[in-house]
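Just below is one structure, and these are the notes that go with it.
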Amino acid sequence: MRGTVQGVGFRPFAYRLARTMRLSGFVLNDSAGVLIEIEGSDAACFPDAIRAQAPPRARIDSIDVLELAPAGGERFQILESLNGRSATRIGADCATCAECRRELTDPASRFFGYPFVNCTHCGPRFTITRALPYDRAQTAMASFAMCQACAADYGDPENRRFHAEPVACPDCGPRLSHPIGEVAARLASGAIVALKGIGGFHLFCAPAMTLRSASSGYARHVSRSRSP
Ligand SMILES: [Zn+2]
Ligand SMILES: [Zn+2]
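Following this line, the structure appears as structure tokens:
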């Protein structure tokens with residue numbers, strides 16, 4: 262299967278679909294995209310089901326089907342990636358999904374109030390990737406070792422953070438360099454705030470300040486400090 266199929270939750274999706282359809286076999290990432298082997302009475306329907314139900318961020322360009330002799334397997338597995346030069350595309354950064362937003366505002370969730378909450382359906386991809394294949398060690402998240410809870414989510418095929426490379430929580434992930442309360446107070450006193458987002462900087466100012474005065478103030482500051 263070729264297309265945007267890595268880093269978009271494709272393997273756990275194939276795993277759940279195969280289990281629902283009572284198919285055995287495996288799924289893995291390879292240098293061309295995703296390789297799936299399936300066996301069972303509904304196997305012929307699998308490619309259509311894949312196309313119809315693919316995860317929101319996946320884009321399937323093509324599915325090549327090859328018939329093999331039955332292997333007699335009994336379960337479906339997610340296998341480690343095959344090494345090789347990667348020809349697959351990396352997905353774009355994506356706004357926080359509804360489920361992550363719910364956790365963000367749920368006091369019972371460990372992601373409560375955590376600004377970098379993400380999962381396989383949302384969060385940064387392209388802007389944190391340094392090299393392919395897409396793998397945490399090759400992203401800007403490499404220096405943040407996962408805590409136990411995040412590692413458990415990452416390793417659980419039933420969890421929507423299964424192999425979500427940027428997975429992070431307040432215990433193990435990046436933190437804000439300035440508390441939100443401090444930033445709000447600076448804004449209220451007329452300061453301009455440049456906030457580094459997923460893919461660039463956002464300029465913030467109090468509503469009373471016009472866009473023109475905010476951006477020219479920021480430009481003056483930037484040229485004065487010679488910051489990039
Ligand atoms: Zn999410
Ligand atoms: Zn964590």
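Our numbering applies: residue 262 is where the sequence shown begins, and numbers increase by one.
Beta carbons: idealized from backbone N, C-alpha and C, even for Gly.
Among the residues of its own chain, which have a CB less than 6 Å from the CB of residue i, if the five just before and after it don't count?
i, result
"R283", "G301"
"H463", "L456"
"C408", "D432 and C433"
Can you check whether the CB of residue j is closer than 7 Å to the CB of residue i?
i, j, result
"F373", "P316", "no"
Buried or exposed: which applies to residue i, given that a residue is buried once 16 or more other Cβ atoms fall within 10 Å of its Cβ?
i, result
"G442", "exposed"
"C306", "exposed"
"S285", "buried"
"L278", "buried"
"T366", "exposed"
"A403", "exposed"
"E328", "exposed"
"A425", "buried"
Have a look at the options and flag the residue whose alpha-carbon is nearest the alpha-carbon of residue i.
i, options, result
"R447", "S292, D432, V295 and F465", "F465"
"E341", "F287, M407 and I299", "F287"
"P308", "G294, I324, R422 and R318", "I324"
"S292", "G264, T281, R312 and E298", "G264"
"I453", "A467, R272 and P440", "A467"
"A330", "Q314, Q338, C355 and A304", "A304"
"T281", "R312, F337, T400 and N379", "F337"
Just curious, the beta strand (DSSP E) that residue i is in, first and last residue?
i, result
"L464", "G461 to F465"
"G442", "No beta strand (DSSP E) contains G442, which is instead part of the alpha helix (DSSP H) from I441 to A449."
"Q267", "First-last for Q267: undefined, no H or E at that position."
Quick one: residues in its chain with C-beta nearer than 7 Å to the C-beta of residue i, no 5 flanking neighbours on either side, listed in chain order?
i, result
"C411", "V428, A429, C430 and C433"
"V269", "P316, R318, A319, G352 and T381"
"F377", "A429, G434 and P435"
Could you pull the start and end residues of the alpha helix (DSSP H) that residue i belongs to?
i, result
"D396", "Unbroken run through D396: none, as it is neither H nor E."
"R320", "Per DSSP, R320 belongs to no alpha helix (DSSP H); it is in the beta strand (DSSP E), R320 to S323."
"D432", "From DSSP, D432 is part of no alpha helix (DSSP H); its letter is neither H nor E."
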